[in-house]
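Following: one structure in structure tokens, then a few remarks.
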Amino acid sequence: MPDSMVPPHSVFLKWTRKMTVETIAAQFATAGTIGKVQAHGGGHINDSYRLLNSANNQPDYLLQRVNHNVFKDVPLLMQNTVLVCDHVATKISELYPDEVDRRSLTIIPTTDGLSFFKDPEGNFWRVLRFIDPHLVFDSTTDPDIAYQGALTFGAFTSMLNDLPAEKVGTVIPDFHNMKWRLTQLKESIRKDAAGRLKMVKEEIEYVESRAKMMLTIHELGESGKIPLRVTHNDTKISNVLFDTDRKGLCVIDLDTIQPGYVTSDFGDGIRTLTNTGEEDDENLDRVSMDLELFEAFASGFLDSTREILLDAEKDALLYAGLLFPYMQAVRFLIDYLDGDTYYKIKHPEHNLVRTLAQLKLTKDGEEKMDKLKAIITKLS
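Structure representation (structure tokens):
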């Protein structure tokens with residue numbers, strides 16, 4: 004092809020069938036010179052690569068493929084992400100003017116000024132400034148780490164307090180809608196697609212007996228007693244970056260940002276942090292809600308949000324601590340009844356094992372409810 008007929012680089016790429024990670028990285032307006040590319044992290048949803056900068060005094064970057072099979076509207080997801088990142092960066096600049104790049108995520112645009120790049124195969128990619136150095140904890144039994152993680156999540160909530168929820172789109176409809184989950188369960192019971200209903204009669208009876216209490220937060224929201232906020236919706240401890248002195252630095256993984264109730268961010272943190280066993284622990288004697296970690300998380304979260312939460316929201320935190328293991332149990336139970344169509348399983352009874360473990364965590368929280376309430380009351 005004569006040189007005069009060769010299309011511009013960005014156009015020519017659309018003609019290619021497959022692009023390398025390095026070629027995709029070149030579509031973004033990064034500073035310096037990208038040298039090596041390394042696979043990064045062990046995320047289950049998105050593929051991530053660290054782009055190592057060979058130029059002095061220039062940052063590394065994080066290239067990610069956003070899984071469009073999980074997130075059906077990636078442009079909306081990225082619109083939310085940019086809006087929230089910009090909002091948080093403005094707040095951080097007022098508090099820590101010299102640390103904006105370390106305490107907030109920075110989305111790097113493409114050379115065309117977009118927040119993402121779509122390759123010829125239909126995959127969506129984004130680039131963020133890499134925050135270095137940092138620590139990540141996949142789990143913890145250390146109350147100090149639990150406190151710092153919750154403090155960071157709470158600060159994130161507080162910084163978004165003046166961002167109207169209606170400005171953010173919904174990326175996963177009904178994600179934490181307990182009423183809808185129970186409707187799903189009724190339909191799965193009716194169909195009994197995998198012929199397993201007879202195996203879980205006792206579990207279904209327990210779930211149904213607790214439904215009214217577990218709809219408390221839904222009803223508070225429906226009645227307007229607790230407000231919709233911009234919420235993270237995936238507040239496991241590994242979604243906080245820590246600095247090298249083990250202090251919370253920055254909230255990451257903003258893909259599930261959407262309108263929700265503050266109870267989602269509190270409750271999901273409690274569910275994932277305080278369980279003394281595994282999410283799919285076959286030995287239910289190991290599963291319980293650790294009161295010390297509960298208090299550490301509640302203390303950190305409320306230390307960051309006490310001034311902005313309504314009294315009704317603070318009161319609802321108690322129910323959130325029980326709701327989220329219950330909701331996860333219902334989701335596992337639905338999948339078990341449906342024949343394991345959603346969650347990946349390691350053996351035929353895996354979803355049942357998961358259900359039993361999450362119900363045990365819920366029951367343990369119920370048994371400790373007076374103590375949990377006393378902690379919330381003391382800290383509020």
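Numbering follows our numbering, in which position 295 of the sequence shown is assigned residue number 298; successive positions increment by one, without gaps. Built from N, CA and C at the ideal position, the CB exists for glycine as well. No experiment lies behind these values; they were computed from the predicted model shown.
query	result
For L312, the residue or residues it bridges with in DSSP	Beta-bridge pairing links L312 to no other residue.
Nearest to A360 (by Cα), restricted to the options S291, D343, F304	S291
Contact check, L185 vs V333, beta carbons under 8 Å	yes
Where M22 falls, given that 16 or more other Cβ within 10 Å makes a residue buried	buried
Residues that DSSP places opposite Q261 in a beta bridge	T234
Beta-carbon proximity list for L294, same chain, < 7 Å, skipping 5 on both sides	K371, K374
Local conformation of L55 per DSSP, three classes	strand
Backbone secondary structure at M22 - three-state DSSP	coil
Same chain, Cβ closer than 6 Å to D141, five either side skipped, listed in chain order	S241
Classification of Q67 by the beta-carbon crowding that lies within 10 angstroms, buried from 16 upward	buried
Closest Cα partner of E208 within the set L336, V356, E369, N56	L336
Beta-carbon proximity list for T219, same chain, < 6 Å, skipping 5 on both sides	Y322
Local conformation of Q30 per DSSP, three classes	coil
Stretch-stretch touch, CB-based, cutoff 8 Å, three pairs: the segment 225-234 with the segment 248-267	yes
Minimum Cβ-Cβ distance from V171 to chain D less than 8 Å	In the structure shown, chain D cannot be found, because there is only a single protein chain.
Complete alpha helix (DSSP H) runs within the segment 269-319 (minimum length 4 residues, chain order)	294-308
Secondary structure of K228, DSSP reduced to three states	coil
Three-state secondary structure assigned by DSSP to V91	helix
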